[in-house]
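Residues in the sequence shown are numbered consecutively from 1, following the UniProt record's numbering. In this text, a Cβ means the ideal position worked out from N, Cα and C, and glycines have one as well. Input: a single structure, listed below in structure tokens.
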Amino acid sequence: MGHTHKEYKNNEKSAIFFEWLIFFVGIIIRIIIYYYGRWQDKNFNVKFTDVDYYVFSDAAKYVLMNKSPYERYTYRYTPLLAYIMIPNFFVHFSFGKILFSFIDILVTILINQIIKIKYTNCKNYIFYTCLWFLNPLVIIISLRGNADVIPCFLIIVTIFCIYKKHIFLSSIFYGLAVNFKIYTIIYALPFMLYLNKNYLLGENIFQLNEKKKKKKNDFLLNTFFYIFRIISNFFVELFKLNYEQFLFAICSSSVFLILNCVFYIIYGYEFLYESFIYHIIRRDHRHNFFPFFFTLCI
1 MGHTHKEYKN
11 NEKSAIFFEW
21 LIFFVGIIIR
31 IIIYYYGRWQ
41 DKNFNVKFTD
51 VDYYVFSDAA
61 KYVLMNKSPY
71 ERYTYRYTPL
81 LAYIMIPNFF
91 VHFSFGKILF
101 SFIDILVTIL
111 INQIIKIKYT
121 NCKNYIFYTC
131 LWFLNPLVII
141 ISLRGNADVI
151 PCFLIIVTIF
161 CIYKKHIFLS
171 SIFYGLAVNF
181 KIYTIIYALP
191 FMLYLNKNYL
201 LGENIFQLNE
211 KKKKKKNDFL
221 LNTFFYIFRI
231 ISNFFVELFK
241 LNYEQFLFAI
251 CSSSVFLILN
261 CVFYIIYGYE
271 FLYESFIYHI
281 IRRDHRHNFF
291 PFFFTLCI
């Protein structure tokens, strides 16, 4: 018994050691790539820094001048991103890159914690954490100045808060995520399903009242009513929310709507068009926000 306990303690110490070792290695790699990126920007025509980083920074400059960030051509993001980039002009021009890289470290910590909460007996959690933290794409994308890590962080922290039963807090983060990038709306249904295991059960949707017997010669009519009742049942079940679902839906929607209303008041229709409408009607088919990007380019 004592021997087993000692083995467990040793394994726990080894795991903690590897966690810190990976954390240290990941940070060193990021520091090296950061300085390499600065060197490449100075010495090569092809820049390491993402073009979008200059767009974000220019938008922040317009905000500092008390103008709309959308005066910067091709800035088609939430104003929040322009606000975040303002320290580029007070601290250092690389502030945004360092911030994005710091956020991807936070994502690593959250992934680690989520695995420990969800899979308490998982022995390979360090490996799964490394899939993010030591992923060269993750490291380089953030250090080039791409802001995609922010919606990633907001979704991961939403999941973490849901697992910790902080539903109100999770809804705030999710509302921010959808405001930041509209495509994160795709996670709404999975979150709602997780918060209520009995939500949208097939047996409830396909459960039909068969009290009235149908005549054999009414096949088309019976089929029509069968489909109609399934659709009706679906919408009835759709609005059968428990408390956690209701809280999550109302609060996240409120955060999203309040932010958009505030930005609409400040920046007008230009905000709506550049942040949302443009991405629906855009025609540059080689951009992954184009509606038919996957069918045409992949």
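- In this structure the stretch 173-186 touches the stretch 142-156; the number of beta carbon pairs closer than 8 Å is three or more.
- For Thr108, the enclosing alpha helix (DSSP H) has its first and last residue at Phe95 to Lys118.
- Boundaries of the alpha helix (DSSP H) around Phe56: Val51 to Leu64.
- Under the three-state reduction of DSSP, Thr184 is assigned to helix.
- Ala15 sits in a helix when the DSSP states are folded into three classes.
- For Glu244, the enclosing alpha helix (DSSP H) begins and ends at Tyr243 to Tyr267.
- In the structure shown, Arg76 falls within a coil segment according to DSSP collapsed to helix, strand and coil.
- Proximity of the stretch 185-200 to the stretch 247-267 meets the contact definition, three or more beta-carbon pairs being nearer than 8 Å.
- In this model, Tyr34 and Ser254 are separated by some 38 Å (Cα to Cα).
- Contact check for Asp58 against Arg144 fails: the beta carbons are separated by 7 Å or more.
- Within 10 angstroms of the beta-carbon of Ser142 lie 16 or more other beta-carbons, which makes it buried.
- By a beta-carbon distance limit of 8 Å, Glu274 contacts Tyr75. Their separation comes to about 7 Å.
- Straight-line measurement puts the Cα of Val25 at about 13 Å from the Cα of Pro136.
- Across the structure, Trp20 and Ile162 are spaced so that their CA atoms are roughly 26 Å apart.
- When DSSP states are grouped into helix, strand and coil, Arg38 belongs to the helix group.
- Cα atoms of Leu81 and Phe17: separation of roughly 36 Å, rounded to the nearest angstrom.
- When the five nearest sequence neighbours on each side are left out, no beta carbon in the same chain lies closer than 6 Å to the beta carbon of Tyr73.
- Inclusion of Glu244 and Ile159 in the CB contact set at 7 Å is not warranted, their separation being larger than that value.
- The DSSP-derived three-state label of Met85 is coil.
- For Val149, the enclosing alpha helix (DSSP H) begins and ends at Val149 to Tyr163.
- By alpha-carbon distance to Lys67, the top candidate from His279, Thr108, Phe263 and Asn45 is Phe263.
- Shown here, Leu189 sits in a helix according to DSSP, grouped into three states.
- Assigned with DSSP and collapsed to three states, Phe44 falls in coil, not helix or strand.
- Spatial neighbours of Lys118 in its own chain (CB-CB distance under 7 Å, excluding positions within 5 residues in sequence) are listed in chain order as Tyr163.
- Taking C-alpha positions only, Pro69 is separated from Leu134 by approximately 34 Å.
- For Ser142, the uninterrupted alpha helix (DSSP H) segment begins and ends at Pro136 to Leu143.
- An exposed status is given to Leu257, since fewer than 16 other beta-carbon atoms sit within 10 Å of its beta-carbon.
- With a cutoff of 7 Å on beta-carbon distance, Ile98 and Ala60 are scored as not near each other.
- In this structure, Gly37 keeps its C-beta atom at 7 Å or more from the C-beta atom of Phe44.
- When DSSP states are grouped into helix, strand and coil, Ser170 belongs to the helix group.
- Straight through space, the alpha carbons of Pro79 and Ile31 are spaced by roughly 29 Å.
- Between Ser101 and Phe173, the alpha-carbon positions lie close to 19 Å from each other.
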